[in-house]
Amino acid sequence: RCTLAAVEALAAANTFADADGVKVKVDIDVVICSREEVPLHIADADVAVPLMTRLDASIIAQSTRLRLVLQFGVGLEGVDEAACTAKGIMLARIPSEKTGT
Numbered sequence: 030r031c032t033l034a035a036v037e038a039l040a041a042a043n044t045f046a047d048a049d050g051v052k053v054k055v056d057i058d059v060v061i062c063s064r065e066e067v068p069l070h071i072a073d074a075d076v077a078v079p080l081m082t083r084l085d086a087s088i089i090a091q092s093t094r095l096r097l098v099l100q101f102g103v104g105l106e107g108v109d110e111a112a113c114t115a116k117g118i119m120l121a122r123i124p125s126e127k128t129g130t
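When you read off a place in the sequence shown, starting at 1, and then add 29, the result is the number in this note's numbering.
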């Protein structure tokens, strides 16, 4: 289970091993925003992890760098799958302990 604290710790470490075990420095910014602020931040995001927030086609259309959307829970109904597919954005889910998955 990946918590926000774990994500922030990874962002602070900013050094990871690539597939060959070579250490690589990366910059990770974790942005926590309200539902209303998502359209303001989505353009600069490489990965989105919406929590209780819908990502419809109009929001996804504003993304310029987005490559992955990770949706919490059982289904993917909170994210416009067709809009993601059209922009080449991968869509996956993160099982949640409250969903029984």
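All C-beta atoms, glycine included, are put in the ideal place defined by N, C-alpha and C.
Asked, Found
"Neighbourhood of Ile71 by C-beta distance below 7 Å, restricted to the same chain and skipping five residues each side", "Ala77, Ile88, Gln91, Ser92, Leu95"
"Three-state secondary structure assigned by DSSP to Leu97", "strand"
"With 16 other Cβ atoms within 10 Å as the buried cut-off, status of Ile61", "exposed"
"Supposed close pair Gly107, Pro68 - CB separation, criterion 8 Å", "Not quite, the Cβ-Cβ distance comes to about 15 Å (not below 8 Å), so this is no contact."
"Short Cβ contact (8 Å threshold) for Asp109 with Ala74", "no"
"Limits of the beta strand (DSSP E) - the one that Ile123 falls within", "119–123"
"Where Arg30 falls: helix, strand or coil (DSSP)", "Low confidence applies to Arg30: its pLDDT is 38, below 50, so where it sits in the model is not reliable, and the reading given next is rough at best. Here Arg30 sits in coil by DSSP."
"Status (buried if at least 16 other CB within 10 Å, exposed otherwise) for Lys54", "exposed"
"Ala111, buried or exposed, once every other Cβ within 10 Å from all chains shown has been counted against 16", "exposed"
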